[in-house]
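Per my numbering, residue 1 is the first one in the sequence shown, and the count goes up by one each step.
The C-beta atom is built at its ideal place from N, Cα and C for all residues, glycine as well.
Treat the numbers as computed from the prediction; the structure is a model and nothing was measured.
Report on one structure; see the data block that follows.
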Amino acid sequence: MTLAYDEPAMADLDEVDRALIDALVADGRASYAALARRIGMSQAAIKARVLRLLDSGAIHILGRIDPRALGYGEFAYCLIDAEGPVEPVAGRLAEMEEAAFVLILAGTRGLFVEFRARDAEHLDAAIEAARADPQVRGIDASSLVAYVKQDWSHSPAGDHRLGARRRTVDATDIRLLKHLATDGRATFAELAEVAGMSHAATRERVLALMAAGVVTVQTIVSPGVLGVKGYAGLMIEVDGPAGPVAEEIAAVADLTLVAIVLGRFDVIAEASYRDEAHLAELLDRVRSVEGVRQVEAFVYLVEVKESMTAGLS
């Protein structure tokens with residue numbers, strides 16, 4: 001997710017660009033030959049367009065690392081009340097390794113932070129460290145139970161409950177993952193140099209990491225291209241079991257994430273919106289879901305930190 005809106009708009013792209021973006025969203029590592037066959041242009045022309053889309057910021061292609069594979073299996077979503085200006089607090093919290101996301105919000109809650117940790121004790125220690133900040137006046141923490149919807153994921157639908165992955169990563173894997181985290185389309189030749197292995201061995205290892213879900217190559221399309229004005233977080237209280245209600249909420253269009261949590265709230269969600277009227281409509285659609293008791297919404301103002309590399313250090 002990015003909150004920069006001064007990037008290319010959809011109007012700046014032609015039909016070929018849009019078709020190419022769709023193809024890259026489906027497979028961020030699709031070869032130029034495969035893209036050329038799909039679009040019906042030469043490989044040289046396709047490569048030039050892909051590089052232009054990347055250079056312009058219309059898209060970013062990155063490897064999203066599953067932190068569970070690196071031993072980070074405990075997540076918490078925290079709304080933080082701070083006294084005085086929140087930007088200095090956000091900066092200090094962003095320095096914490098456990099802070100994967102740090103957002104400045106509009107509304108009564110000044111900050112939102114997602115913490116990721118190795119275990120419950122580590123997670124509690126991270127939250128307590130945040131509480132110790134001299135400007136922090138309160139933290140409302142919700143621990144993650146299960147993802148119901150993540151529209152950035154191109155993995156097959158299945159059980160997103162937290163748990164250890166079957167593949168254990170080693171030092172060579174870590175080197176590959178670090179490189180893929182910044183360049184999801186790195187060639188196997190480039191990755192082989194990073195790993196210090198043969199082309200064939202590197203290819204086999206990268207494909208194994210992808211098959212195990214350790215890394216998912218994601219094409220991130222800029223908000224301007226998508227016509228998105230902004231993002232909002234929704235903290236939802238429900239009556240009865242959270243699972244069925246979360247499934248119904250996930251069916252609402254333009255929600256990019258839905259998860260079941262433990263804490264004051266039962267379900268959290270993230271919405272992308274075109275304008276304020278669209279956001280109001282989305283909120284009413286969520287409120288209309290049977291079992292939803294209350295929705296607390298907060299608009300993202302500034303993304304201070306987004307890190308997908310917890311555990312790679």
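Remark: C-beta atoms of Met197 and Leu79 do not approach each other more closely than 8 Å. Boundaries of the alpha helix (DSSP H) around Glu247: 242 to 250. Here Asp151 carries a coil assignment [DSSP, helix/strand/coil]. When DSSP states are grouped into helix, strand and coil, Leu301 belongs to the strand group. The secondary-structure analysis by DSSP pairs Ser272 across a beta bridge with Tyr231. A check of alpha carbon separations from Ala208 across Thr168, Pro244, Gly230 identifies Thr168 as the nearest.
Rounded to the nearest whole angstrom, the C-alpha separation of Arg64 and Gly28 is 11 Å. Per DSSP, Thr172 is one residue of the alpha helix (DSSP H) stretching across 171 to 182. In this structure, Ala192 keeps its C-beta atom at 8 Å or more from the C-beta atom of Arg175.
The beta carbon of Ile46 sits closer than 8 Å to those of Leu20, Tyr32, Leu35, Ala36, Ile39, all from its chain and outside the five residues before and after it, given in chain order.
The C-beta separation of Arg118 from Gly71 comes to about 5 Å, placing the pair in contact by the 8 Å criterion. In the DSSP assignment, Ala45 falls within the unbroken alpha helix (DSSP H) covering 43 to 56.
Spatial neighbours of Leu255 in its own chain (CB-CB distance under 6 Å, excluding positions within 5 residues in sequence) are listed in chain order as Ala269, Ala271. In the DSSP assignment, Gly224 falls within the unbroken alpha helix (DSSP H) covering 223 to 226. In the displayed model, Arg37 falls within a helix according to three-state DSSP.
For Thr202, the enclosing alpha helix (DSSP H) has its first and last residue at 199 to 211. Per the DSSP secondary-structure output, Val136 pairs in a beta bridge with Ala82. When the five nearest sequence neighbours on each side are left out, the beta carbons in the same chain lying within less than 6 Å of the beta carbon of Glu306 are those of Phe101, in order along the chain. For Leu70, no beta strand (DSSP E) encloses it, and the DSSP letter there is neither H nor E. Apart from sequence neighbours up to five positions away, the residues of its chain that approach Val295 with a beta-carbon distance below 7 Å are Leu234, Ile236, Leu283, Val286, Arg287, ordered along the chain.
Closest in alpha carbon position to Val228, among Leu53, Arg274, Phe75, is Arg274. Counting every other CB atom within 10 Å of its CB across the protein chains shown gives Glu83 a total below 16, marking it as exposed. Rounded to the nearest whole angstrom, the C-alpha separation of Val215 and Met96 is 23 Å. When the beta-carbon positions are compared, Val136 and Ala250 stay at least 8 Å from each other. DSSP places Ala99 inside the beta strand (DSSP E), whose first and last residues are 99 to 106. Looking at Gln150, Glu290, Thr202, Leu103, the one whose alpha-carbon comes closest to that of Val304 is Leu103.
Here Ala232 is near Tyr300, since their CB atoms are less than 8 Å apart.
Taking the Cβ atoms as the reference, Arg92 lies roughly 19 Å from Asp124, outside the contact range of under 8 Å. Between the beta-carbon of Asp266 and that of Ala297 there is about 15 Å, and that puts the pair past the 8 Å contact cut. Burial is judged here by how many other beta carbons sit within 10 angstroms of a residue's own beta carbon; Asp66 has at least 16 and is buried. Distance between Gly184 and Gly57, taken at the CA atoms: about 15 Å.
Here Glu128 carries a helix assignment [DSSP, helix/strand/coil].
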